[in-house]
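Quick note, in our numbering, the sequence shown goes up one by one and the last residue is 559.
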Amino acid sequence: MLMIIGGVSWRLRPKRGARSLAALMGAATIWAIGSVHTQLAMTYTGNLLATNIGYLGISLVPVAWIVLSLEYAGKEAWITRETVAALLAIPITTQFVIWTNSVHELFWRIEGLLIVDSTQLLSISSYGPWFWVHTVHSYLLLGAGTIIFLRSIAVSQQIYRRQVAMMVAAVVIPWAGNAIKISQAFSMVMDPTPFLFVISGGLFIAALFRFRLLDLVPIARDTIIDEMHDGIIVLDSDNYIVDINSATESLLGIDPEVVVGLSATEVFNSCYVDRYRDVYEGSENIVVDIDGKQRVLNLRISPLQSHTGERRGRVVIIRDTTIEEEQRRRLKQQNDQLKRQNDHLEQFASIVSHDLQGPLSIAQGYLGLVHDECESEHVDRISTAHDEMEALIDDLLTLAREGQMVGETEVVPLDTVVNATLSADHDEMTVEIESETYTVKADPGRLQQLFENLFKNAVEHAGPDVTIRVGPLEEETGFYIEDDGPGIPPSVREHVFESGYTRSSSGTGLGLAIVKSIANAHGGDVSVTDSENGGARFEIVIDDEPSRASESFHE
5 MLMIIGGVSW
15 RLRPKRGARS
25 LAALMGAATI
35 WAIGSVHTQL
45 AMTYTGNLLA
55 TNIGYLGISL
65 VPVAWIVLSL
75 EYAGKEAWIT
85 RETVAALLAI
95 PITTQFVIWT
105 NSVHELFWRI
115 EGLLIVDSTQ
125 LLSISSYGPW
135 FWVHTVHSYL
145 LLGAGTIIFL
155 RSIAVSQQIY
165 RRQVAMMVAA
175 VVIPWAGNAI
185 KISQAFSMVM
195 DPTPFLFVIS
205 GGLFIAALFR
215 FRLLDLVPIA
225 RDTIIDEMHD
235 GIIVLDSDNY
245 IVDINSATES
255 LLGIDPEVVV
265 GLSATEVFNS
275 CYVDRYRDVY
285 EGSENIVVDI
295 DGKQRVLNLR
305 ISPLQSHTGE
315 RRGRVVIIRD
325 TTIEEEQRRR
335 LKQQNDQLKR
345 QNDHLEQFAS
355 IVSHDLQGPL
365 SIAQGYLGLV
375 HDECESEHVD
385 RISTAHDEME
395 ALIDDLLTLA
405 REGQMVGETE
415 VVPLDTVVNA
425 TLSADHDEMT
435 VEIESETYTV
445 KADPGRLQQL
455 FENLFKNAVE
465 HAGPDVTIRV
475 GPLEEETGFY
485 IEDDGPGIPP
495 SVREHVFESG
505 YTRSSSGTGL
515 GLAIVKSIAN
525 AHGGDVSVTD
535 SENGGARFEI
545 VIDDEPSRAS
555 ESFHE
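Right under this line is the structure:
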């Protein structure tokens, strides 16, 4: 059974504690084999050889046990090469002493063989000084490992307690039998250890398979606390510092070796101590000066209570929120600035809507009366200028009121948007759709505005009989709109999306700026290149999950 458990542990050696458990099982197996063969050997030499081999396992079991207990308790940092070498010093020396015992008898004095119930055993008349060095060393390691395991019971969940109980019992039982044999407490002649190992094997199997010994290994709470980024200070009921973690040391610049055991008033500013003296639960931000720099610290205070509900002290958790507070302050400034800009744009839109559209409507009305009374080529020019002013006002209102905001998005087929965009004014235009089933997720109204502005741009530069092709992009989510017009020279492509830029005498310079703002509002962008026919090709990338810019004003 011990060999099976050792084999299983070795196969699981990447897991914490598996290697040391395999070593423990290996040592116990050697001990058990040696003990069994001492019962079976028929000669003095064979009996002595089996006993010496058994002591190899006896010497190594305590070392493997203490290492396993440290790993189980999360104290791996203590297990260094130097530590293991020190632990093995006496077992290695013991092996040298026991195999050369016939020369010096430092381990024991053997008189010969003792026959008990047809079993031949070594007759040991006395134990030498090194035997007691080995014995004390072994029991010290076994006791220390057992204490480490038992301490973990007090702070562990039920399943871990059962694991510990199984392992402690599995190791203590054979050692108790060995101790009884050595002490001759019951005038015991035969060593009961081999028989007790049967019980140990059953307990280890239960711990390994029933309580998942290597699958569920607890992480020591001390390790968790020390690895936390938040500082932790434990105060007793009299406001004395009981414990602090390493994060507190680096955060506040205090040495645990110095401050633990001192009163809080001896370590911290008295104004804060007085302020929180009677506070057992709460959270608050404070601004403190650390190394000449102001830091914002969040304090969370929780009570420590006994099982009867009696207050035993407090736990203070300290988090440095300086960066978060600075980011929150900057975000508030940005939101305030965006709100002011939004108010200015709304005011501008109101002026454009009422103070410009009103007089323009009056001017258009009177121009109609003039056109009825007389015919003049100047009337047509004035009418064209009015139309351009009206288009400019509409574009300005679109930028000012909608900007980079989108409403509810939905899956929109491209052919549906194209058909909704086409009107009687586009009767000479030819539109070819590459894929009638292609869809994008967008705000339908804003998407139609994008198409309207690009169609209008194509007509302005290529004429009313322009041919436009619409289709999906190959490598990105989005689509292209291209025409067979004169195209856009590479030297000016980086400027065409700027507000006010136009190469047409009748353009407002805002159409492509609106296209870019709509693409940006959908989490994408727009670029321009050459079409296959030498015309302009606009590629619009649309994010699958566009964000609403309007939400940032209300964060």
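Every residue gets a Cβ at the ideal spot worked out from N, C-alpha and C, and that includes glycine.
Please read all numbers here as calculations on a predicted model, not as lab measurements.
With 16 other Cβ atoms within 10 Å as the buried cut-off, status of residue i
{"i": "residue 423", "result": "exposed"}
{"i": "residue 24", "result": "buried"}
{"i": "residue 65", "result": "buried"}
{"i": "residue 223", "result": "Per-residue confidence for residue 223 stands at a pLDDT of 48, beneath the threshold of 50, marking its modelled position as unreliable; the derived number appears in the next sentence. Residue 223 is exposed by the Cβ-count criterion."}
{"i": "residue 179", "result": "buried"}
{"i": "residue 200", "result": "buried"}
{"i": "residue 242", "result": "exposed"}
{"i": "residue 532", "result": "buried"}
{"i": "residue 312", "result": "exposed"}
{"i": "residue 3", "result": "Nothing in the structure corresponds to residue 3, since the chain is present only between 5 and 559."}
{"i": "residue 297", "result": "exposed"}
{"i": "residue 456", "result": "buried"}
{"i": "residue 181", "result": "buried"}
{"i": "residue 450", "result": "buried"}
{"i": "residue 294", "result": "exposed"}
{"i": "residue 84", "result": "exposed"}
{"i": "residue 88", "result": "exposed"}
{"i": "residue 391", "result": "exposed"}
{"i": "residue 101", "result": "buried"}
{"i": "residue 46", "result": "exposed"}
Those residues which DSSP pairs with residue i across a bridge
{"i": "residue 307", "result": "318"}
{"i": "residue 112", "result": "131"}
{"i": "residue 297", "result": "294"}
{"i": "residue 505", "result": "BP columns for residue 505 are empty, so no partner."}
{"i": "residue 436", "result": "473"}
{"i": "residue 287", "result": "304"}
{"i": "residue 414", "result": "446"}
{"i": "residue 267", "result": "244"}
{"i": "residue 324", "result": "301"}
Through-space distance from residue j to residue i, alpha-carbon basis
{"i": "residue 104", "j": "residue 52", "result": "12 Å"}
{"i": "residue 97", "j": "residue 328", "result": "60 Å"}
{"i": "residue 481", "j": "residue 441", "result": "14 Å"}
{"i": "residue 135", "j": "residue 62", "result": "12 Å"}
{"i": "residue 413", "j": "residue 287", "result": "41 Å"}
{"i": "residue 107", "j": "residue 35", "result": "24 Å"}
{"i": "residue 433", "j": "residue 333", "result": "53 Å"}
{"i": "residue 220", "j": "residue 76", "result": "Low confidence applies to residue 220: its pLDDT is 45, below 50, so where it sits in the model is not reliable enough to give any reading."}
{"i": "residue 462", "j": "residue 475", "result": "16 Å"}
{"i": "residue 246", "j": "residue 255", "result": "18 Å"}
{"i": "residue 93", "j": "residue 139", "result": "14 Å"}
{"i": "residue 95", "j": "residue 60", "result": "8 Å"}
{"i": "residue 515", "j": "residue 525", "result": "15 Å"}
{"i": "residue 249", "j": "residue 522", "result": "53 Å"}
{"i": "residue 236", "j": "residue 152", "result": "24 Å"}
{"i": "residue 527", "j": "residue 546", "result": "6 Å"}
{"i": "residue 290", "j": "residue 81", "result": "36 Å"}
{"i": "residue 33", "j": "residue 86", "result": "26 Å"}
{"i": "residue 499", "j": "residue 421", "result": "27 Å"}
{"i": "residue 436", "j": "residue 491", "result": "18 Å"}
{"i": "residue 339", "j": "residue 330", "result": "14 Å"}
{"i": "residue 31", "j": "residue 266", "result": "47 Å"}
{"i": "residue 376", "j": "residue 368", "result": "13 Å"}
{"i": "residue 308", "j": "residue 146", "result": "34 Å"}
{"i": "residue 388", "j": "residue 366", "result": "15 Å"}
Span of the alpha helix (DSSP H) around residue i
{"i": "residue 261", "result": "260-263"}
{"i": "residue 532", "result": "Here residue 532 belongs to no alpha helix (DSSP H); instead the beta strand (DSSP E) covers 529-534."}
{"i": "residue 492", "result": "Taken as a continuous stretch (DSSP letters only), residue 492 belongs to no alpha helix (DSSP H), as it is neither H nor E."}
{"i": "residue 422", "result": "418-425"}
{"i": "residue 275", "result": "274-279"}
{"i": "residue 521", "result": "515-525"}
Terminal residues of the beta strand (DSSP E) in which residue i lies
{"i": "residue 473", "result": "471-476"}
{"i": "residue 443", "result": "443-446"}
{"i": "residue 541", "result": "540-545"}
{"i": "residue 484", "result": "482-487"}
Any chain D beta carbon closer than 9 Å to residue i
{"i": "residue 132", "result": "Among the chains in the structure shown there is no chain D, since it carries only a single protein chain."}
Check: residue i C-beta below 8 Å from any heavy atom of the ligand NAD
{"i": "residue 520", "result": "The ligand NAD is not part of the structure shown, which contains no ligands of any sort."}
**Q.** Segments of 4+ residues assigned as alpha helix (DSSP H) that fall wholly inside the stretch 18-90
**A.** With a minimum length of 4 residues, the continuous alpha helix (DSSP H) runs that stay inside the stretch 18-90 are 22-44 and 48-76.
Q) Can you list the alpha helix (DSSP H) stretches of 4 or more residues lying completely in the stretch 235-260, in chain order? A) You should have 250-256.
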